[in-house]
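Counting with the working numbering, you get residues 8 to 347 for the letters of the sequence shown.
Note that the Cβ used here is the ideal one computed from N, Cα and C, for glycine as well.
On a predicted model such as this, the values are computed, not experimentally measured, just so you know.
Down below is the structure, laid out as structure tokens.
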Amino acid sequence: MEPAKTEEPQKVIFSAIQPSGTITLGNYLGALKNWISLQDEYDCIYALADLHTITVRQDPAAFRRHTLEAYALLLACGIDPKKSLFFIQSHVPTHAQLAWVLDCYTQFGELQRMTQFKDKSAKHPDNINAGLFTYPPLMAADILLYQTDLVPVGVDQKQHLELTRNIAERFNGIYGPTFKLPDAYIPKNGAKIMSLQDPTKKMSKSDENANASIAVLDKPEDIMRKFRRAVTDSEACVRYAEGKDGVNNLMGIYSCVTGKTNAQTEAEFAGKGYGDFKAAVGEAVAEHLRPIRERYADYIRNRDYLEQCWGEGARKAYAISIRTLRKVMKKIGFVPPKPM
Ligand code: TRP
8 MEPAKTEEPQ KVIFSAIQPS GTITLGNYLG ALKNWISLQD EYDCIYALAD LHTITVRQDP
68 AAFRRHTLEA YALLLACGID PKKSLFFIQS HVPTHAQLAW VLDCYTQFGE LQRMTQFKDK
128 SAKHPDNINA GLFTYPPLMA ADILLYQTDL VPVGVDQKQH LELTRNIAER FNGIYGPTFK
188 LPDAYIPKNG AKIMSLQDPT KKMSKSDENA NASIAVLDKP EDIMRKFRRA VTDSEACVRY
248 AEGKDGVNNL MGIYSCVTGK TNAQTEAEFA GKGYGDFKAA VGEAVAEHLR PIRERYADYI
308 RNRDYLEQCW GEGARKAYAI SIRTLRKVMK KIGFVPPKPM
């Protein structure tokens, strides 16, 4: 008898980003561009992690606007709802449900050791709420609900992913195989984009200095201005070298948007000053972002289409995640509910 044909299922990728402000060039080159390219090879599930965002107090109107903008912008960047699942975390109730369950399988001491918790509670000493503390089990729920294989994360989230694996292993150890253990996905060409004003710090949307970060939706003239003011050094030579953080960062950005290697960039600007180089980087970035800005303008005006996308995304995400949640609840010993 012929063996049954087994088609290798695609690996599941899960990632999320918080809609906590403007999406920056750092978010785009460091994470989103990679999310887009993974869509053909993997079963990708992407979310706006809005439940995580309220661990820091939000103004309601701004929060709503940031979430809408982030949804439209991610579509404009190339997340394709026909290929990938793309939803808003708060629309899918299984996330908060599993998070509560996982809270009960996570130790106080483990959460206390999280560097992000320590950093954020130092930054917001007047609002060290319980959600800030239990943020990692919610993130674990996001990942584990979809039996995720791989999670593309930056270094700042690696500790959270390790905790996710520990929680999953602990649960599996008590109740038998329930959750798949996710691995970190380290992108081949991962870019870490630094602040234009202090290139030893990561580019951040919450930076107080407006010239430090580029928003994906910045107008070309603002992009040009910020690059003109970018901090470099006094050597006046475009080359990649230790100690030249500002120039290295600009070369990294230039390489991301043009595909040129550092050697090609060095050759291109041999004998030229930083003024020419910074103008070229600014122009290349503005050009690269132009089509995204144009598509964004279309999406953000089309509320019906956006609603249709996130409605469909939430429906599919619920259908997948409820299976994991039911399994978990049953194993723990909850009486199965009647369908509502
Ligand atoms: N905590 C992540 C951040 O702030 C966002 C996030 C939420 C996430 N849930 C996730 C990332 C699950 C990866 C997987 O960047």
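Cβ-based burial, residue i [other Cβ within 10 Å; buried from 16]
| i | result |
| --- | --- |
| Q204 | buried |
| S91 | buried |
| Q17 | exposed |
| D163 | exposed |
| N134 | exposed |
| F360 | Nothing can be reported for residue 360, as the shown portion of the chain is limited to 8 through 347. |
| F186 | buried |
| G28 | buried |
| P343 | exposed |
| G250 | exposed |
| I86 | buried |
| D225 | buried |
| G266 | exposed |
| A147 | buried |
| C111 | exposed |
| S220 | buried |
| A293 | buried |
| A304 | exposed |
| A69 | exposed |
| P67 | exposed |
| K233 | buried |
| A274 | exposed |
| A129 | exposed |
Spatial distance of residue i from residue j (CA atoms)
| i | j | result |
| --- | --- | --- |
| T113 | A286 | 50 Å |
| P143 | A103 | 12 Å |
| W107 | V158 | 21 Å |
| N136 | M336 | 27 Å |
| T60 | Y192 | 23 Å |
| E76 | I327 | 26 Å |
| N309 | S213 | 28 Å |
| N179 | L36 | 36 Å |
| N218 | S202 | 9 Å |
| W42 | F341 | 37 Å |
| I30 | A38 | 11 Å |
| A56 | A23 | 6 Å |
| W317 | K334 | 26 Å |
| L109 | F284 | 51 Å |
| K89 | E15 | 21 Å |
| H394 | M121 | Nothing about residue 394 can be read from this structure; the chain reaches only from 8 to 347. |
| I181 | T101 | 22 Å |
| M258 | A243 | 14 Å |
| T171 | L151 | 8 Å |
| K125 | P132 | 10 Å |
| Q315 | V238 | 44 Å |
| K199 | V245 | 19 Å |
| H73 | M347 | 33 Å |
| R322 | I339 | 26 Å |
| R71 | N173 | 34 Å |
| A291 | L81 | 21 Å |
| S241 | R302 | 40 Å |
| D432 | R177 | The structure shown does not extend to residue 432, since the chain is modelled only from 8 to 347, so the question has no answer here. |
| T331 | L145 | 15 Å |
| K165 | L45 | 19 Å |
| E228 | Q154 | 45 Å |
| K40 | C263 | 10 Å |
| I230 | A175 | 44 Å |
| L296 | N34 | 13 Å |
Supposed contact pair residue j and residue i - C-beta distance, whole angstroms, cut 8 Å
| i | j | result |
| --- | --- | --- |
| G350 | R235 | No answer is possible for residue 350: it lies beyond the span of the chain, which begins at 8 and ends at 347. |
| D156 | P189 | 6 Å |
| F276 | D149 | With a Cβ gap of about 43 Å, F276 and D149 do not count as contacting. |
| T62 | G138 | 4 Å |
| V99 | I52 | In fact, because the Cβ distance is near 11 Å, the residues do not count as touching under 8 Å. |
| L32 | V254 | So it is not a contact: roughly 17 Å between Cβ atoms. |
| N269 | Y247 | 4 Å |
| T272 | Y281 | The pair is not a contact, with the Cβ atoms about 13 Å apart (cut-off 8 Å). |
| P206 | N256 | 5 Å |
| I329 | A83 | Rounded, the Cβ-Cβ distance is 30 Å, inconsistent with contact. |
| Q119 | L58 | Not really, about 21 Å apart at Cβ, beyond 8 Å. |
| L313 | A54 | Rounded, the Cβ-Cβ distance is 15 Å, inconsistent with contact. |
Residues that DSSP places opposite residue i in a beta bridge
| i | result |
| --- | --- |
| V158 | A191 |
| I20 | C51 and L157 |
| K209 | M201 |
| A222 | T31 |
What residue ranges within the stretch 31-105 form continuous alpha helix (DSSP H) runs of no fewer than 4 residues, ordered along the chain?
40-45, 57-60 and 67-84
If we require 4 or more residues per run, which alpha helix (DSSP H) segments fall completely within the stretch 240-285?
252-265 and 269-275
Note down, one range per segment and in chain order, each beta strand (DSSP E) of at least 3 residues found wholly within the stretch 114-182.
157-159
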